[in-house]
Structures are given as C-alpha cells and as structure tokens.
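J.:
In our numbering, the protein residues as written are 15 to 561.
#1: Any chance you could list the alpha helix (DSSP H) runs of at least 4 consecutive residues sitting entirely within the stretch 194-226, in chain order?
#2: Can you have a look at residue 329 and say buried or exposed, based on whether 16 or more other CB atoms are within 10 angstroms of its CB?
#3: Note the first and the last residue of the continuous beta strand (DSSP E) segment covering residue 553.
#4: Let me check one thing: in DSSP terms, what residues is residue 47 bridge-paired to?
#5: In chain order, what residues of the same chain lie with their CB nearer than 8 Å to the CB of residue 163, ignoring the 5 residues before and after it?
#6: Of all the options 83, 165, 214, 100, which has the alpha carbon lying nearest to the alpha carbon of residue 59?
#7: Using only CA atoms, which one of 439, 414, 425 lies nearest to residue 159?
#8: How long is the line joining the alpha carbons of residue 569 and residue 535, rounded to whole angstroms?
#9: Where does residue 458 fall in DSSP's three states?
#10: According to the neighbour-count rule (16 or more other Cβ atoms, all chains shown, within 10 Å of its Cβ), is residue 528 buried or exposed?
#11: When you compare each of 388, 433, 487 to residue 72 by their alpha carbons, which one comes out closest?
#12: Looking at the structure shown, is residue 445 part of a helix, part of a strand, or coil, going by DSSP?
#13: Mark residue 21 as exposed unless 16 or more other C-beta atoms lie within 10 angstroms of its C-beta, in which case mark it buried.
#14: In this structure, what does DSSP give as the bridge partners for residue 277?
#15: For residue 547, count neighbouring C-beta atoms within 10 Å of its own C-beta (all shown protein chains included) and say buried if the count is 16 or more, exposed if not.
#16: Closest Cβ-Cβ distance between residue 82 and chain B: below 9 Å?
#17: Apart from the five residues just before and just after residue 482, which ones in its own chain have a Cβ nearer than 7 Å to its Cβ?
#18: When the distance is taken between beta carbons, is residue 156 closer than 9 Å to residue 13?
#19: Measuring alpha carbon to alpha carbon, tell me which of 544, 531, 537 ends up nearest residue 554.
#20: Report the residue ranges of all beta strand (DSSP E) runs contained in full by the stretch 332-406; include only those spanning at least 3 residues, in chain order.
#21: List the endpoints of the continuous beta strand (DSSP E) containing residue 533.
#22: Please report the distance separating the alpha-carbon of residue 561 from that of residue 524.
#23: Mapping the DSSP letters down to three states, classify residue 560 as helix, strand or coil.
#24: Would you identify the three-state DSSP class for residue 578, choosing helix, strand or coil?
#25: Determine the burial state of residue 311: buried for a count of at least 16 other Cβ atoms within 10 Å of its Cβ, exposed for fewer.
#26: Compute the distance between the beta-carbons of residue 126 and residue 28, then report whether it is under 9 Å.
#27: Using the three-state DSSP reduction, which class does residue 271 fall into: helix, strand or coil?
#28: So residue 88 is in the beta strand (DSSP E); what residue range does that whole segment cover?
#29: Hey, could you find the ends of the alpha helix (DSSP H) residue 562 is sitting in?
#30: Taking one C-beta from the stretch 187-207 and one from the stretch 225-243 each time, how about it: are there three or more such pairs within less than 8 Å?
#31: Can you name, in chain order, every residue of its own chain whose Cβ lies under 6 Å from the Cβ of residue 412, other than the five neighbours on each side?
#32: May I ask you to report which of helix, strand or coil DSSP gives residue 450?
#33: Note down, in chain order, each residue of its chain lying with its Cβ closer than 6 Å to the Cβ of residue 302, except the 5 sequence neighbours on either side.
#34: Between 549, 539, 15, 544, which lies nearest to residue 533 when the distance is taken from Cα to Cα?
#35: Does the distance from the CB of residue 24 to the CB of residue 129 come in under 9 Å?
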C-alpha cells in the first residue's frame, strides 16, 4: 500500500474511533447535542474573534470562577483550547452555524490524537504491539472515565491537556525514528506553547525539549555539529513560554499568574483563603505529603467520597493526612494494580540505560528516551501537587501521560519476552484488563454540567458572558461620597471635606471664599479608648473678614 493510501486509511480509522469515543461516552449526542454545557471556552472564542483577550470588558460578564482584573473579565482555564476551537467557529460563521459545535472541535482533536499515535509507532513495533500502544495511549482508562463522567470546563481542560502531552510523546517518537532539523524545530516550537492548554502540560513540553535535544545530539555525533540546531530549538521553545508569560501579564497583571488567585468563587471560602494567603497543608512534612499524594493516586478515594463533594471529609483513603486540605475525588484515576507495572517500567528504563552501549537497536533506544520523557514530565508535577492547597481526581490526570508511556514500556517488554505466537493472546488479555478497568471505574455524572446541549441553549449561555448587557450603576446609599458622616466607616486618622455656600463639594486645596464651609474630623478613639464616639467633628464657615 502506498504511503498516501496508508495516511488516508489512518485518517479514516482515527476519525471513526474518535466518533465512537465521543458518542460512546455521551460527550455528544445525536442528532443535535454537540455543545458543551459550559460556555467558558465558547465565550473566549467569541472574544478572540472580536479582537480581544478579555472574555468581557465590563463587570456584567463576571461569573463564578472568572477573574476580574484591570484588563476585564478573564477565564482561568487557558487560551490553548479556545485557540484550537477558534478556526472551527470562524468557519461556522461563514456557513451560518454560530456558535459552532465545540464537541466537533473535540472530535477533531481526538482524531488528531489517534492519528498521531498510529503514525508514530508504525515502525519498530509488531502488529500486536502497535495495537496495544494505541489502546494504552489513546484510550487510557482514566482518560475514558473522565470523558464518561462530569465534563465541565475543568474536566475538558484536563482532557485536552492529556491529549496534548501524548501528542508531544508521539512527536518525540517520530523524531527518534527519523531525526531531522525541521522535525526537531517544529516539535520543540510546539512544545513551548503547550502551557497555554494547561500549565502542567508545560512540564511535558520541557521534557520534550530535553529528550529531543538528546536525540539530535545522538544523531549528529558531536556537540560541534549538534549545538547550532539545539540552540535554535531552545530559542524556539522560549518563544512559546515568552508568549504565555506576556499574555498572563496582559490578562492578570503578572507573567507567573494564571488567574487562580484572582478568580471569584462562591461557596468555597476555605479554597479562597488557601489560594490567596496560606493553608495548613503547606507545612506538612515531606513523608506525610508523599504518602498522601501516592495514596490519593492509587487507593481509590472516590469510593468513599460523598458524591464527590466531601471536600473536607476524613478517611477518604489510606494514608490521608489529618491536616485539613480541599480534596475532591469523583472518578477513578488509577488503582494499586498500576503500581507494579509502573515500577517495572522504570526498572526497564534503568536497565536500558545501563546497557546502552550493548543495546543499540531501535527498541532499546526508544525505551531509553521514553523513560526519560516520562520521568522528566512527571517529577515536577509530583512536586507541584505534593503540598498544593487542593487535590482532585482531575489533577491526578496530569500524571496520565507519564503513566501511559510507562505502561507502554512494560507492554513492549512483555511482548519482547513472549513467543511471537503468544502476542495475540497477550493483546486479548490487555483488552480484557482495559475493559475491566473502564467498567469498574467509578464516575460522577450529574445531569447539570455533564450532558451536552443544543445550539440554542449554547448561544443563550455564551453571549451573556462575552457580550453582556450593561446597565447604569449607582453607588448604594452606604457609599454616598457626599455623606458628611462617611468618615465614620473609614479607618482614617483625619477627615476633611469642604463645601461652597450652595452646598456643592469643593477641593479643600482650592482657596476659600466667603461662605465656604470646612468639615474637619479627628479619630479620638485611637488616643482615648474611653471616648463615647470614635470621631470628633468641627464645622467651620469662612467669614467675609478673612478675604
């Protein structure tokens, strides 16, 4: 089969599997429910096409979990997903379908993910090996469970983040198979922008930079030949990070601020204090924090959580710290059965590096680079969540790209140890284990926030955010700046107001004329705690003799 026909077949397979996943998980529903129940990304897309970064420029567009800054109303789930959805919406406006179905954009993203997985591993693997890689990387049980459960903006961001990181892994494998300067530069340039999807994906982007540079060095043979291309790759990577820093500064006032310390939250006071000031879990010991995070990953805390909303519930999992922390577990990420497989993969990676001079074949070399990629991507995320103010099932999905790659390493090693005739049986066992993990996974899928909606509902929820109706605003009576007793509500040592004879307020720095009045107040309770009233006021009128 020609290369062109292979690509077309791969596109067809990827689209078909993506459609099955989207409909099978009820991410979209026929015939017309192809829109997310949430509207945050659609509102950002509408803002993009209006020529601005802010979702809205007036406070009427402010909603729960959005941020209000001097640059307007901002959403805090990244600009990467809306950037992906924007071309779809632009086409939709041309053909008269607006808002455009965002689940079609998700379908396209999944098809791209599946296509990349198929193409990246097409060489150097057996047929059953390639099929196993596709099941593990493209359909990891935690990823499928996420799509089957509540799919709000938080979960959709996590889904796109997982797919983006796997795309980076596929690009790394493709570069390892055929190293080229153009491939190196394109891969690293894209890796630099991955923080726009979700900040934690940037760690996988950095891992991609390191591993891709190592691949090119091995291909070039000497630092003298490799350094120019690697230096340019590093510069291209910095472009993406610089763009992220710049847009954060424009939207939130600081390059390192992603909006999570500025967003407005309703009903979660503990989380507000933790993200703005401090929190007890910040000071737990390293051993205690490590035990909590590892147990949260594998001990299935969602089985004991009260509907996924036991945010401060004790005894959710073995090893849970007694120190208060916001914890939200509502779907199954991993189980203890993963642990020996992941540990074995790490051991295989170490062995591959120890034997690197003796094992020069493609398979052993691929094991080495993927092991490094997984560790470099996962380690900083582990450190990031170790003492974070909150932990959630969707946060654990940030580990999923590394978990998937390590599972692939164990799968490849298993097939290498088995007779060729047993590979089909091994794949059948893998499918059985995958199906068991998906079926037994616990998930929380409330009707509100999970079920896709139609176009009219999507429009009614989107445009009040990106195109809010403004109205005249007046200060409440309690904030009347002309109230002469306003000072009683202020923490000031002195208070001065000046008025003309007509009653109009004046600037006290302006020279007085006859009839002007000067109201002066002093806080007496600061010096005398026994004072009956905290303020002493004197009103003086300017007589004509002073002129």
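Cβ atoms here follow ideal geometry from the backbone N, Cα and C, with glycine treated the same way.
Note that the structure is predicted; figures quoted are calculated from it, not measured.
T.: Once the coordinates are examined:
#1: Considered as a whole, the stretch 194-226 harbours 195-206 as its complete alpha helix (DSSP H) runs of no fewer than 4 residues, in chain order.
#2: exposed
#3: 549-555
#4: DSSP lists 43 as partners of residue 47.
#5: Closer than 8 Å at Cβ, skipping near neighbours: 169, 344, 345, 457, 458, 459, 464.
#6: 100
#7: 414
#8: In the structure as shown, the chain starts at 15 and stops at 561, and residue 569 therefore has no counterpart that could be examined.
#9: coil
#10: exposed
#11: Residue 72 has its Cα closest to that of 487, out of 388, 433, 487.
#12: helix
#13: exposed
#14: 81
#15: exposed
#16: In the displayed structure, chain B is absent; only one protein chain is listed.
#17: 70, 72, 74, 75
#18: The requested residue 13 does not occur in the structure, where the chain is confined to residues 15 to 561.
#19: 531
#20: 340-342, 404-406
#21: 531-537
#22: With a pLDDT of 45 at residue 561, under the threshold of 50, the modelled position of this residue cannot be trusted, and the question is left open.
#23: With a pLDDT of 48 at residue 560, under the threshold of 50, the modelled position of this residue cannot be trusted; read the value that follows with caution. Residue state, collapsed to three classes: helix.
#24: This structure gives no information on residue 578, because the portion of the chain shown stretches from 15 to 561.
#25: buried
#26: yes
#27: coil
#28: 86-88
#29: Outside the modelled stretch of the chain, which goes from 15 to 561, sits residue 562, for which no answer is possible.
#30: yes
#31: 214, 395
#32: In the three-state DSSP reduction, residue 450 falls in the helix class (H, G or I).
#33: 335
#34: 549
#35: Taking 9 Å as the cut-off, the beta carbon of residue 24 is found closer than this to the beta carbon of residue 129.
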